[in-house]
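For the sequence shown, UniProt numbering gives the first residue as 1, with consecutive numbering after it. Note that the Cβ used here is the ideal one computed from N, Cα and C, for glycine as well. Note that the coordinates shown come from a computational prediction; the quantities given were computed from them, not determined experimentally. Written out below as structure tokens is the structure these notes cover.
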Amino acid sequence: MEIRRLRKGDEDRLREVRLRALAESPSAFASTLEREQQFGADVWVSRVTREESATFLAEEDGRPLGTATGFVEEDPATVHLVGMWVDPSARGTGVAGRLVETVVDWARERDARRVELWVTVLNHRARALYERHGFSPTGDRQPLPSDPDILEDRFERPLPVREPSAER
């Protein structure tokens, strides 16, 4: 298995995998399949070319196993982990953990101080994954934007401040 960052030219692949994720796990995302099916090509190109975000794809022999995205909004010290999804056939194989750590590594490269995410209250498997990778609930809870009957909690993982390297 390899994990790679999606770039310009990968927008069709991203669209394919994202729509599959929304169809397979609709209650896990803030968006909906119906909404994202309407997106034009410009939206998908933007998602793979924006400097303030990075989408990673796990693949094996050209078969997509999962995706995760990190992005920065106003506060450059905070990276948001979103769009996390693993194909059901690859769950329990370590793909999810590798995707999480890939986004965390990207956050470190940007000198972020924390990685935040939202996870639904009843998604026990995902919550356990995030806790194993150093995330903990912040106490913030909100309705899932795509289905207000479902609640989600914010989790956070602090990142240590990188020490400046000594010049020689």
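Rounded distance between the beta-carbons of residue j and residue i, thought under 8 Å
i, j, result
"L57", "L6", "6 Å"
"V86", "A107", "The pair is not a contact, with the Cβ atoms about 20 Å apart (cut-off 8 Å)."
"D147", "S27", "6 Å"
"A68", "T102", "7 Å"
Alpha-carbon spacing of residue i relative to residue j, whole angstroms
i, j, result
"D149", "V119", "14 Å"
"V48", "V95", "21 Å"
"E36", "G134", "31 Å"
"E74", "E52", "10 Å"
"P145", "G62", "32 Å"
"L22", "E109", "29 Å"
"L129", "A41", "33 Å"
"V72", "F155", "16 Å"
"A126", "G9", "30 Å"
Close beta carbons around residue i, own chain, < 6 Å, minus the five adjacent residues each side
i, result
"V115", "V79, L81, V104, A107, R157"
Sequence-distant residues of its chain with Cβ nearer than 8 Å to residue i (five each side left out)
i, result
"R13", "L6, L57, P64"
Residue i and residue j closer than 7 Å at C-beta
i, j, result
"R54", "A77", "According to the sequence provided, residue 54 is Ala. The question's Arg does not apply to it. Contact flag unset, no."
"W44", "E11", "yes"
"L99", "G66", "yes"
Q) What residue ranges within the stretch 30-56 form continuous alpha helix (DSSP H) runs of no fewer than 4 residues, ordered along the chain? A) 33-37, 41-49
Q: Taking only runs that begin and end inside the UniProt domain "N-acetyltransferase" (1-160), name each unbroken alpha helix (DSSP H) of 4 or more residues, in chain order.
A: 11-24, 33-37, 41-49, 95-109, 124-132
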